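Numbering (this note's numbering), first residue to last: 8 to 160.
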């Protein structure tokens, strides 16, 4: 099942991509010196995460909030797949950093406070796994973009 090949599921290629990412992450966790890690990066892989972003069906970046209700509240468009069940997935939120400091919500949200700023996304230098997860319906997405695993510290 690849992009556009399964007319019954609009989540076809997104689900295929997430399954491939999950398989690669699981292979790295189980055996960090296998050929799978070499496929992901010619250098030594530092972690067990292939970060990615998703686009909603309207083309806008999908985002989640972390630490809601605390002064350290943040927004992120970067995720790690944890589990896939049918048309649903559990995604771990990756917190964006610009060096040693985390990106502030104001770095990611546009001036109108309704949309994610494309300029703000480019300020991200690395990502950190959080304990924040989000459940998603895979039929709500039209695009996925994988990023370099070396971005995750």
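Where is the CB? At the ideal position from N, CA and C, for every residue including glycine. Source: prediction; values computed, not measured.
From the options, residue whose alpha carbon lies closest to that of residue i
| i | options | result |
| --- | --- | --- |
| residue 142 | 19, 69 and 20 | 69 |
| residue 131 | 139, 157, 122 and 34 | 157 |
| residue 165 | 111, 123, 64 and 116 | Any question about residue 165 goes unanswered here, given that the chain covers just 8 to 160. |
| residue 85 | 34, 30 and 71 | 71 |
Cβ-based neighbour list, residue i, same chain, cut-off 7 Å, excluding 5 preceding and 5 following
| i | result |
| --- | --- |
| residue 102 | 73, 81, 83, 109, 134, 135 and 137 |
Chain-order list of residues whose beta-carbon lies under 6 Å from that of residue i (same chain, five-residue window excluded)
| i | result |
| --- | --- |
| residue 61 | 69, 148 and 151 |
| residue 159 | 54, 56, 58 and 134 |
Beta-carbon proximity check, residue i vs residue j, cutoff 9 Å
| i | j | result |
| --- | --- | --- |
| residue 96 | residue 59 | no |
| residue 144 | residue 94 | yes |
Counted within 10 angstroms of its Cβ, other Cβ atoms place residue i as buried (16 or more) or exposed
| i | result |
| --- | --- |
| residue 125 | exposed |
| residue 75 | exposed |
| residue 27 | exposed |
| residue 107 | exposed |
| residue 129 | exposed |
Residues near residue i in its chain [Cβ-Cβ closer than 8 Å; skip 5 each side]
| i | result |
| --- | --- |
| residue 32 | 55, 56, 57, 87 and 88 |
| residue 140 | 89, 97, 98, 99 and 100 |
| residue 122 | 67 and 116 |
- Item | Ranges of the alpha helix (DSSP H) found wholly within the region 93-143, counting only runs of at least 4 | Runs of the alpha helix (DSSP H) spanning 4 or more residues and lying entirely within the region 93-143 occur at 112-115 and 125-128, in chain order.
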